[in-house]
Each structure stands twice: as C-alpha cells, then as structure tokens.
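Structure first, commentary second.
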Amino acid sequence: IAKKNHELDAKEGKIEELILVVNKKDDEIAAMKNQESLSTVSSMVTMPPTTEGLSGGLMVEEIATTSKDIKLAISLKIDLLKDDKSTNNIMQEKIDFMEQESNQKDIQLKAKDEEISELKKIINDRDEAIQMQSEELAKLKAQQSPSTIPMQEPPNVSVTLDDIVTTLLIEKVQMKKQLDEVRKERDAKGQQLEQKLEELNVKDEEVAKKDAELEAKNKHMIKTEEAMKKKLEEEIGNMTEELKKKEEELKEKDKAIVDQATKLEADKKLIDQKEKMIKKKDKHIKRQTNKLNVKTEQLGEARAKTVKLRNALREFTGVEDDEDADDDDEDDEEEDEDN
Numbered sequence: 001i002a003k004k005n006h007e008l009d010a011k012e013g014k015i016e017e018l019i020l021v022v023n024k025k026d027d028e029i030a031a032m033k034n035q036e037s038l039s040t041v042s043s044m045v046t047m048p049p050t051t052e053g054l055s056g057g058l059m060v061e062e063i064a065t066t067s068k069d070i071k072l073a074i075s076l077k078i079d080l081l082k083d084d085k086s087t088n089n090i091m092q093e094k095i096d097f098m099e100q101e102s103n104q105k106d107i108q109l110k111a112k113d114e115e116i117s118e119l120k121k122i123i124n125d126r127d128e129a130i131q132m133q134s135e136e137l138a139k140l141k142a143q144q145s146p147s148t149i150p151m152q153e154p155p156n157v158s159v160t161l162d163d164i165v166t167t168l169l170i171e172k173v174q175m176k177k178q179l180d181e182v183r184k185e186r187d188a189k190g191q192q193l194e195q196k197l198e199e200l201n202v203k204d205e206e207v208a209k210k211d212a213e214l215e216a217k218n219k220h221m222i223k224t225e226e227a228m229k230k231k232l233e234e235e236i237g238n239m240t241e242e243l244k245k246k247e248e249e250l251k252e253k254d255k256a257i258v259d260q261a262t263k264l265e266a267d268k269k270l271i272d273q274k275e276k277m278i279k280k281k282d283k284h285i286k287r288q289t290n291k292l293n294v295k296t297e298q299l300g301e302a303r304a305k306t307v308k309l310r311n312a313l314r315e316f317t318g319v320e321d322d323e324d325a326d327d328d329d330e331d332d333e334e335e336d337e338d339n
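Residue numbers (the UniProt record's numbering): 1 to 339.
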C-alpha cells in the first residue's frame, strides 16, 4: 500500500507538470488572441473586416475552450487518484488494527499458558506430597506389625498410631478435596481457554477472509490503476497531439496574419500615394477655381459695359426696347453663367 501511495504521488507530480505545460500553452494562446484582436482592430480601421479574420478569431477561442476542457479532465483525474490514495490509507489502518488485536490475543494466550503451567506445578507438588504421606503411612503401618513393634507402648509416647493415621487420613481427604477443586478450576479454565481458542479460530478465519478480500481489492485496485494509467497515458498522448495540431494551426495563422499585415502595409502605401495625388489635384482645382473667379468677375464687368453701350446706342438711335433682344441677353447671361 505504501508503494502504491508513492506511485500515486509520483503520478500526481507528473499531472501537475502537465498542468503547468497546459497553463503555459494557455498563456501563449491568450497572447496570440490579444495580438489577433489588435490586428483585427487595425484592419477594421483601414479596411472592412474579412471572413478570414473572423474565422481566425473563432479558431483561437476554440483553442482556449479545448485547453480549459483539458485542464478540467486532468483535475478530475487528480481527484480520482486522491480517492484511491485515501482508500489505501483506510485499508492500511484496518490492517494495523487487526494486527494489534492479534498481538493482544497472543499475549492473553501466553498469560493463560503460564497460569496453566503454574496450576500443573501446584498439582504435581500436591501429588508428590500425598505420595510422600502415603509412603510414610505405609512405613508406620509396617512398623506397627507384631513382628517389629513390641506389644507394650513406650512410656514417653502420648500420641497413638491411630491418631497419626486418622490425622493423615483427614489431611489426605482435605488434600483430595483441594485437588478436586484445583482440577475443577483447571477444567473450567481449560473450557474457557477452548472457548477462547474457538473464538480466536473464528477471528482468524475472519482475518483470513478479510485478508482475502483485501488481496482481491488490492488486485482490483492494481487493475483499475493500470487501466487508469493506460487511459491517462492515452489521453495525455491525445492532448499532446491536439496541442501539436493547435500549434501548427497557430503557426499557419501567424503566417496568414503576417501576410495580411504585409498586404495592409502595401495598401497603406498605395493610399498614401493616392492621397498625395488628390492633394495635388486639390491644389490644381483651387488654382483653376481662382482663375475662373477672376474670369467671372471680368465677364461681369464686360456685361455691365455691354449693357451701358446698348443703352447709349438706343438713346442715340432712338430705337425702342426689343423683347427678342432682351431674351438674347438673358440667353447670353445663362450661357455665361454656365461657362
């Protein structure tokens, strides 16, 4: 489990490096988008927007959206890896707890074995004491037989042999009772120990089942991790290919922008030349206008003189005003104005 956690940490580090690469690509895409927006504004100032420029702007936004989706997918993978790591930690805690319980049960069994060995020692000591008393009683009975013991009682003996035998029998009965009690206690403790051993066997079976479950879960986790690793590698490979494609598209877009900028520069030079020519024509038109104004003034003066001469001629000749002549004068005036 510790090894798996270490591998998960290493994968998280690789994913963080990949996120840094994606962030760097995002910064480059944002810079390209800003540059493209500036070039679009300049093209709107100098000439109408083209379909090529609009499609280029949408392409940059699509690149930025794809990059955000990539970052979201990577963050989800990180969350899944962290969940696997927390599951491994919980399993490790359960295993540690079960090991502690098993160690405590071993300590209890050792203590019970020591108690049983002490009881056995006590029983053996009592059995030896009873055996020695039995041997002493047999020796006393043998000494009390008619061939070895005189019929007369010793003068200084105050306790008879029957008293000794009675005392030994009473002690024997008491020791038998004590021995029976010790045996009952031993049997009871033995039954308790058997029950505890059965409980321990049941717990051992449960531990074995849990170990098998943990082993199965571990295998499943290994398979899941390998599948996730393979899938993640495939996704990273696909993302890398997509990023390469986007880089190539950006390079092509850069080239198109440079070509468009070159074209705009040439158009600007042509417009500057045309503006210079228009300014020259404006100056020429102003000069012609000034000349025309002078001619118009001269024509007005000549008309005035002509009217005076006609009036003087009429007065001199005495001819009345002629309407046709007036119409001719008006036509002449309109023609002069047109000129």
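Where a beta carbon is used, it is the ideal one built from N, C-alpha and C, also for glycine.
query                                                                                                                                       : result
Of the residues 187, 97, 136 and 112, which one's Cα is nearest the Cα of residue 169?                                                      : 136
By DSSP, does residue 1 sit in helix, in strand, or in coil?                                                                                : coil
If residue 130 sits next to residue 177, beta carbons under 8 Å apart, how far is it from one beta carbon to the other, in whole angstroms? : With a Cβ gap of about 12 Å, residue 130 and residue 177 do not count as contacting.
If you reduce the DSSP assignment to three classes, tell me which class residue 237 lands in.                                               : helix
How big is the Cα-Cα spacing for residue 358 and residue 111?                                                                               : Nothing can be reported for residue 358: it is not among the residues displayed for the chain, which extend from 1 to 339.
Taking only three categories from DSSP, how would you classify residue 318?                                                                 : coil
By the 10 Å Cβ neighbour count, where 16 or more other Cβ atoms means buried, how is residue 239 classified, buried or exposed?             : buried
Measure the C-alpha to C-alpha separation of residue 184 and residue 212 and round it to an integer number of angstroms.                    : 41 Å
Cα separation between residue 292 and residue 31?                                                                                           : 59 Å
Taking the alpha-carbon of residue 179 as reference, which of 210, 109, 296 and 125 has the nearest alpha-carbon?                           : 125
CB residue 25 to CB residue 243, shorter than 7 Å?                                                                                          : yes
If you check the beta carbons only, do residue 116 and residue 182 fall under 7 Å apart?                                                    : no
Hey, residue 109 and residue 186: beta-carbon distance below 7 Å or not?                                                                    : no
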